[in-house]
Amino acid sequence: METEQRLVKAILEGEKGAGRRLYARYSGQLMTIALRYMGNGEDAADVLQDAFVKVLTNINRFEFRGEGSLSAWMRRITVNEALNQLRHRAWLFHEELSDDEPPDEEPDVALVPPEVLMRMVGDLPEGYRTVLNLFVFEQMPHREIARQLGIKESTSASQYLRAKRMLAHKIREYLGVRSAELGIKSDSIKS
């Protein structure tokens with residue numbers, strides 16, 4: 001496989017097909033990131049396209065720091081592009097939680113197939129989904145999330161808690177349905 005450094009050099013030198021190779025190598029990974037933030041394929045495709053335009057336009061600014069640095073740089077561009085598009089929407093963050101409701105018991109996420117879990121995350125309200133992605137996947141503290149999104153730190157923490165509760169509910173629901181389906185199957189096998 002072509003190294004990141006060689007691929008960047010090929011693009012900078014205008015080598016035919018280098019941009020296509022970059023796209024083929026990273027588009028799947030970056031589309032997954034875009035889907036996590038945007039929640040649907042159409043909006044994620046827009047983010048991916050805009051991110052690749054920015055990558056190719058700014059590739060001369062990229063500083064190679066070892067294998068994986070190109071991937072990390074492109075990931076940051078994709079996340080930033082998703083956040084930019086979300087900022088331009090009229091989406092609202094819910095205010096902080098006013099109740100002192102204790103957190104629910106967390107279900108076993110390992111029992112949920114990754115594609116089902118990603119669909120559940122995609123179905124969360126935009127504010128919840130955005131904060132969850134930034135906190136969990138980008139490992140950004142609530143202070144930085146608040147700065148990035150122009151919200152209060154407590155609102156970020158509240159959005160994360162609500163996202164976590166909603167996701168836990170969806171997972172418990174899914175596991176309950178799966179258990180019922182398996183129970184039905186096991187009964188019919190015994191007969």
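Numbering (our numbering), first residue to last: 1 to 191. We treat Cβ as the ideally placed atom computed from N, Cα and C, and that holds for glycine. Just so you know, these numbers come straight off a predicted model, no measurement behind them.
Continuous alpha helix (DSSP H) stretch holding residue i: start and end
i    : result
N58  : 41–58
P114 : 114–122
E81  : 69–87
K9   : 4–12
Q29  : 18–38
E138 : Counting along the chain, E138 falls outside any alpha helix (DSSP H), and DSSP gives it neither H nor E.
I145 : 142–149
Residue i versus the options, residue with shortest Cα-Cα distance
i    : options              : result
L30  : H88, V79, M118, Q139 : V79
S69  : V109, E105, Y26      : Y26
K175 : V136, L117, F52, R75 : Sequence inspection shows Leu at residue 175; the Lys mentioned does not correspond to that position. Of the listed residues, the one whose Cα sits closest to L175 is L117.
E173 : R61, V53, M120       : M120
F137 : R6, F52, K152, Y160  : Y160
A18  : I59, A51, Q49        : I59
Beta-carbon proximity check, residue i vs residue j, cutoff 8 Å
i    : j    : result
G28  : L35  : no
A168 : E106 : yes
V47  : Q85  : yes
G150 : G39  : no
M166 : L134 : no
Y37  : A82  : yes
E4   : E63  : no
R87  : I33  : no
A157 : L132 : no
A45  : I77  : no
Specify whether the region 109–118 and the region 9–28 touch according to this definition: at least 3 beta carbon pairs, one from each stretch, less than 8 Å apart. no
Could you name each continuous alpha helix (DSSP H) segment of 4 residues or more that falls completely within the region 154–184, going from the start of the chain to the end? none
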